[in-house]
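Undergrad:
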């Protein structure tokens with residue numbers, strides 16, 4: 001009986017770690033957008049992790065970090081950009097910032113799991129799967145179901161079309 005309770009405890013612990021790591025990865029994806037926005041000279045306004053009731057963790061007046069109760073589900077980044085067609089290339093770079101971070105993290109985890117065999121692989125394999133799905137869906141040109149938010153892919157596509165039209 002003690003053995004079963006011990007196994008259940010470690011299973012729940014691994015699941016909790018997976019949820020926390022997935023939330024961190026969403027944050028890093030959004031931070032990829034934010035840091036790219038800062039790199040092109042735009043102002044980073046907000047990073048939101050999760051949905052539902054939110055709590056502001058950082059508020060500097062110019063920037064907010066908000067975390068929702070469903071912190072492992074979604075995220076978004078808001079930056080202030082100049083209006084005008086001449087900024088479409090910068091906009092594409094900022095939109096690619098998140099998926100590029102996700103791809104680099106996925107590759108890093110894949111290499112790490114392959115090299116370090118002393119770790120229990122399945123939580124990391126689940127994390128790699130979550131990252132792969134997140135990257136895949138963020139790059140599909142679509143509107144997210146049940147929201148008014150366009151995916152990174154749809155915004156990138158719209159800006160590429162805009163660049164080639166002008």
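In UniProt numbering, the protein residues as written are 1 to 166.
Even for Gly, the Cβ is constructed at its ideal location relative to N, Cα and C.
The structure displayed is predicted, hence computed values, not measured ones.
Just the Cα atoms here: how many angstroms apart are residue 34 and residue 76?
TA: Counted from its first residue, the chain shown places residue 34 at position 34. Counted from its first residue, the chain shown places residue 76 at position 76. Looking at the two C-alpha atoms, the distance is approximately 10 Å.
Undergrad: Can you tell me the Cβ-Cβ gap for residue 29 and residue 101, rounded? I've got them flagged as a contact below 8 Å.
TA: Numbered from its first residue, the chain shown carries residue 29 at position 29. Numbered from its first residue, the chain shown carries residue 101 at position 101. Yes, they are in contact, since the Cβ atoms of residue 29 and residue 101 sit about 6 Å apart, within 8 Å.
Undergrad: DSSP puts residue 48 in a beta bridge; with which residues?
TA: As a first step, residue 48 must be located in the chain shown, where it is residue number 48. Per DSSP, 66, 76.
Undergrad: Please classify residue 152: does DSSP put it in a helix, a strand, or coil?
TA: Numbered from its first residue, the chain shown carries residue 152 at position 152. Correct three-state label for residue 152: helix.
Undergrad: Quick one: what does DSSP say residue 160 is sitting in, helix, strand or coil?
TA: The residue given as residue 160 occupies position 160 in the chain shown. Residue 160: helix per DSSP, three-state reduction.
Undergrad: Looking at the strands, I want to know which residues DSSP matches up with residue 55.
TA: The count along the chain shown starts at 1 and reaches residue 55 at position 55. Paired residue(s): 67.
Undergrad: May I ask you to report which of helix, strand or coil DSSP gives residue 81?
TA: On the chain shown, residue 81 is found 81 positions in, with the first residue counted as 1. Of the three classes helix, strand and coil, the one that applies to residue 81 here is coil, per DSSP.
Undergrad: Would you decide whether residue 56 is buried or exposed? Buried here means 16 or more other CB atoms lie within 10 Å of its CB.
TA: Within the chain shown, numbered from 1, the residue matching residue 56 stands at position 56. Burial call: exposed.
Undergrad: If you follow the alpha helix (DSSP H) that residue 110 is in, where does it begin and where does it stop?
TA: Along the chain shown, one-based indexing puts residue 110 at 110. Residues 88-115.
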